[in-house]
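Comments concern the structure below.
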Amino acid sequence: MKAESGQGSVDLVTSIGGNLGSVARSLTRLGVKFNQVDLNNPPDGSRPIILPGVGAFGAVMASLRQGKFDQTIKALVQAGTPFLGVCVGMQVLFDSSEEAPGVAGLGLIKGRVVKYTEGKVPQTGWNEVKAVTDKNGNDDNRSWPTGFVYFVNSYYAKPESDEVTLYEANYFGSFCAAVSTGNITAFQFHPEKSGEFGESLLKRWVSNVV
Amino acid sequence: MSSSGLCKRIIPCLDVANGRTVKGVKFQNLRDIGDPVELAIEYQRQGADELMFLDISASREERSTVFDLVRSVAEHLSIPFTVGGGISKLDDVKKLLSLGADKVSINSSAVQRPELIAEIAAACGSQCCVVAIDARKVVGSQTLDSQQPLWDVLTKGGSVSTGLSARAWAQKCVELGAGEFMLTSWDADGTQEGFDIEMVAAFSHLPIPIIASGGAKNPQSFVDVFSAGQADAALAASIFHDGLFTVNQVKTTLKNEGITVRLC
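Written out as structure tokens, the structure reads:
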């Protein structure tokens, strides 16, 4: 069975460009084995899935929709496969983005992606993320540590429900820096470019799901 | 208090040629002080927010060694890094990014052919396109209101004066899709008398981040360039290479002055 052969490794989606390389290198540093998956070698749900992404929301969705690869991913996530989205890989979980009006996201989390209206855009650099525990009383979140992570983003997600927010940070106002709901976790920042702290978050997710 | 939690960034700069660091580096705890990867790891440990590798290789053959360097740095480093020096073609940019560089820095080649900025932005995104501007104050220029350019753009490592207004050039770069500026003052560079606050402040209105470069003397230089100069990031070489101050010492001073930084 594939499920057994998948023990101890993750599926890294490679069908879209961008920071795939840096996430792969980070997993290697952490000693995490990974399989590259794409349209021609799709994931089957036996391993957790990581979707990295740098680029535009519209371009990433267009790439995912080729051969209905987006439907494959969506079905697996809905069936309970652990999923980690990074950067635009987080944004495409939502319904839509101001970056690409009329383009539907994966719709796995209710909400939309909006542009920063203050400050230099993109936000470039390190910002402090704090786990949100007060609003939703989610004790699982409490153990996610506070720390500094590296962001490069012009857009950020606005979930309909506060309860999915895992991390918040402040860029001329509080924004959702990470989500966690059911089998889905996603980071707007780049854990693979955020030093030891960032890699500890990646490691934490992997050890939770593998 | 800033209305944003975004940290001011400290960026050590490593000059490399033929795959080795040049300029004397005087760390005692490094076995091989010429190895840029080892030096990069040390700066990451000290709390550097990003690193800049500036390839000053004399020949094209030497310059090809930068690709191996980038691959090796990307394997070992878990913070972002930029590569600059002699980059003039989109293909080189794509190769550097695919090997693991997060950003590239272009300078003279952008002045010669500004469309390069637009090409990089379209193909790879603005966020990876750092435009380095070397500038020197025009003798006799007085105020920002005057028609005459205050700062002149220099190319070819500061050896050629273009007569181009640095502020006008910066505005054009923004329109073409530049993602960040690395602004080096040739009045301050190498003097170790502090950053050129006047110049940095004159570019702070631009909508993309400014990395100030040239003249860092001590932790107070960084306080000044972030407060009075309103820089987003500051780059320095000698004060770190000479072991005068660690990145962490600079950041501790900044934090004590109420400036938002990442301490690790």
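Read top to bottom, the protein sequences are chains A and B. Take the first sequence: its position 138, counted from the start at 1, is 141 in our numbering, and no numbers get skipped. Take the second sequence: its position 49, counted from the start at 1, is 278 in our numbering, and no numbers get skipped. Positions of the beta carbon are idealized from the N, C-alpha and C atoms, including for glycine.
Asked: Would you please state the rounded distance, in angstroms, between the beta carbons of A330(B) and V312(B)? I believe it to be under 8 Å.; Found: 5 Å
Asked: Quick one: measure Cβ to Cβ for V322(B) and V333(B), integer angstroms, because I've assumed they're closer than 8 Å.; Found: 5 Å
Asked: Relative to chain B, which residues along the segment 146-171 of chain A have a C-beta separation below 7 Å, given in chain order?; Found: F151, Y153 and V155
Asked: Just the C-alpha distance for G9(A) and R238(B), rounded to the nearest angstrom, thanks.; Found: Unreliable placement is indicated for G9(A), whose pLDDT of 47 sits below 50; the coordinate value is still reported in the next sentence. Rounded to whole angstroms, G9(A) to R238(B) spans 40 Å at the Cα level.
Asked: Decide if R491(B) is buried, meaning its Cβ has at least 16 other Cβ atoms within 10 Å, or exposed.; Found: buried
Asked: Which chain A residues are close to S338(B), counting only those with a beta carbon under 8 Å from its beta carbon?; Found: Residues of chain A passing the Cβ test: none, with the nearest at roughly 22 Å.
Asked: Residues in the segment 295-311 of chain B with C-beta within 7 Å of chain A's C-beta atoms, listed in sequence order?; Found: A303, E304, S307, I308 and P309
Asked: For the beta strand (DSSP E) containing A431(B), list its first residue and its last residue.; Found: Run containing A431(B): none; DSSP gives neither H nor E here.
Asked: Return the residues of the segment 170-189 of chain A that lie within a Cβ-Cβ distance of less than 7 Å from chain B, sorted by chain order.; Found: A172, N173, Y174 and F175
Asked: Please state whether DSSP places L259(B) in a helix, a strand or coil.; Found: Confidence is the limiting factor: at L259(B) the pLDDT is only 48, short of 50, which leaves the residue's position unreliable and the question unanswerable from this model.
Asked: For G122(A), which residues in the same chain have their Cβ closer than 8 Å to its Cβ, ignoring the five residues on either side in sequence?; Found: Y174 and F175
Asked: Name the DSSP beta bridge partners of N38(A), please?; Found: D14(A)
Asked: Could you compute how far the alpha carbon of L96(A) sits from the alpha carbon of F86(A)?; Found: 10 Å
Asked: Residues of the segment 351-364 of chain B in Cβ contact with chain A at a cutoff of 7 Å, in chain order, please.; Found: G354 and Q356
Asked: With distances taken from CA atoms, which of I52(A), G48(A) and G34(A) is nearest T17(A)?; Found: I52(A)
Asked: Show which residues of chain A have a CB atom less than 8 Å away from the CB atom of P438(B).; Found: K123, T127 and G128
Asked: What does K77(A) reach in chain B if we use C-beta pairs closer than 8 Å?; Found: Neighbours of K77(A) on chain B: none; closest Cβ ~26 Å, over 8 Å.
Asked: Pull up the distance between the alpha-carbon of V209(A) and that of G48(A), whole angstroms please.; Found: 15 Å
Asked: To which residues does DSSP link V389(B) through a beta bridge?; Found: T384(B)
Asked: Should D261(B) be labelled buried (16 or more other beta-carbon atoms within 10 Å of its own) or exposed?; Found: A caution first: D261(B) carries a pLDDT of 47, below 50, which makes its placement in the model too unreliable to give a value.
Asked: Give a yes or no on whether the C-beta atoms belonging to E171(A) and K133(A) are separated by under 8 Å.; Found: yes
Asked: Check whether the segment 411-426 of chain B touches the segment 451-469 of chain B, counting contact only when three or more Cβ pairs, one atom from each stretch, lie closer than 8 Å.; Found: yes
Asked: Taking only the alpha-carbon atoms, compute the straight-line gap between L405(B) and A351(B) and give it to the nearest angstrom.; Found: 10 Å
Asked: Under the three-state reduction of DSSP, which class applies to P448(B): helix, strand or coil?; Found: helix
Asked: Around the Cβ of H470(B), are there at least 16 other Cβ atoms within 10 angstroms (buried) or fewer (exposed)?; Found: buried
Asked: Is it right to say A397(B) is buried, meaning 16 or more other beta carbons lie within 10 angstroms of its own, or is it exposed?; Found: exposed
Asked: Just list the beta strand (DSSP E) runs in the segment 102-150 of chain A, keeping only unbroken ones of 3 residues or longer that don't cross its boundaries, in chain order.; Found: 114-118 and 126-134
Asked: Can you have a look at R342(B) and say buried or exposed, based on whether 16 or more other CB atoms are within 10 angstroms of its CB?; Found: exposed
Asked: Exposed or buried, F289(B), counting other C-beta atoms within 10 Å across all chains shown (16 or more means buried)?; Found: The displayed chain sequence assigns Arg, not Phe, to residue 289(B). Looking at its Cβ environment, which holds fewer than 16 other Cβ atoms inside 10 Å, R289(B) is exposed.
Asked: Do the CB positions of G58(A) and V91(A) come within less than 8 Å of each other?; Found: yes
Asked: Are the C-beta of E486(B) and some C-beta of chain A separated by less than 8 Å?; Found: no
Asked: Mark T31(A) as exposed unless 16 or more other C-beta atoms lie within 10 angstroms of its C-beta, in which case mark it buried.; Found: exposed
Asked: Name the one or two DSSP bridge partners that R491(B) has.; Found: R491(B) pairs with nothing; no bridge assigned.
Asked: My guess is that I316(B) and S301(B) are in contact by the Cβ rule of under 8 Å, so how many angstroms apart are they, rounded?; Found: Their Cβ separation, rounded to whole angstroms, is 19 Å, which puts I316(B) and S301(B) out of contact at 8 Å.
Asked: Can you find a C-beta in chain A that's less than 8 Å from the C-beta of S327(B)?; Found: yes
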